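These notes concern the structure reproduced below.
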Amino acid sequence: MRTCPNAGGSSEKSEILSFELLQRCFGADLQKTEMEVQYFPNGGAITDYTCVMFSGTLGVSVTRAMKYHGDFTVEDAERLLNQKLNGVLKSTKNTMERWSKQILHVWAASLAESVLIVRSL
13 MRTCPNAGGS
23 SEKSEILSFE
33 LLQRCFGADL
43 QKTEMEVQYF
53 PNGGAITDYT
63 CVMFSGTLGV
73 SVTRAMKYHG
83 DFTVEDAERL
93 LNQKLNGVLK
103 STKNTMERWS
113 KQILHVWAAS
123 LAESVLIVRS
133 L
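Numbering-wise, the numbering used here comes out as the position in the sequence shown, counting from 1, plus 12.
So, in structure tokens, the structure goes:
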């Protein structure tokens, strides 16, 4: 995953760590990275990678529950989840790949951010 092209932004390390965690904890096998997943039409929301886990193919979208300046609030959590879950729905609808489910992997800097994410679901 480290040697594959990335769609840009500052998410590369989060995506690598996400796959590393799923691989070590659940035996995930990487299928395609975000630049390899195909969509029709092009230009919409994309999935970060696909993997095989628990005998099924999963799409994985990765995000971080963090704020550069100030505290991460419930409003931030709601906005993040709304944006990312809408992206999950759109990329699942438009993909030409076959995955059984897509998961949203959220990295949180602390328990406080994790609690805000869970409460916002």
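Cβ coordinates follow ideal geometry from the N, Cα and C atoms, glycine included.
Because the structure is a prediction, the values reported are computed rather than measured.
> In its own chain, which residues sit with a C-beta less than 8 Å from the C-beta of F31, not counting the 5 before and 5 after it?
Replying inline: M13, A40, L42, Y61, C63 and V72
> By how many angstroms is the C-alpha of V100 removed from the C-alpha of R36?
Replying inline: 24 Å
>> As a quick exercise: from L33, I28, S132 and E27, pick the residue whose alpha carbon is nearest that of E87.
In response: S132
> Should L70 and I28 be called a contact, given that it needs their Cβ atoms to be closer than 8 Å?
Replying inline: no
> Quick one: Cα of T104 to Cα of T59, how far?
Replying inline: 8 Å
>> Between the alpha carbons of M108 and S122, how many angstroms are there, rounded?
In response: 36 Å
> Do you know offhand how far I129's Cα is from P53's?
Replying inline: 31 Å
>> Runs of 4 residues minimum, wholly inside the region 55 to 127: which ones carry the alpha helix (DSSP H) assignment?
In response: 86 to 106
> Along the chain, where does the alpha helix (DSSP H) that runs through Q35 open and close?
Replying inline: E24 to F38
> For the putative contact between N98 and G56, defined by C-beta atoms under 8 Å, what is the C-beta separation to the nearest angstrom?
Replying inline: Not confirmed; about 11 Å, so no contact.
>> Determine whether the beta carbon atoms of E24 and M78 lie at a separation below 8 Å.
In response: no
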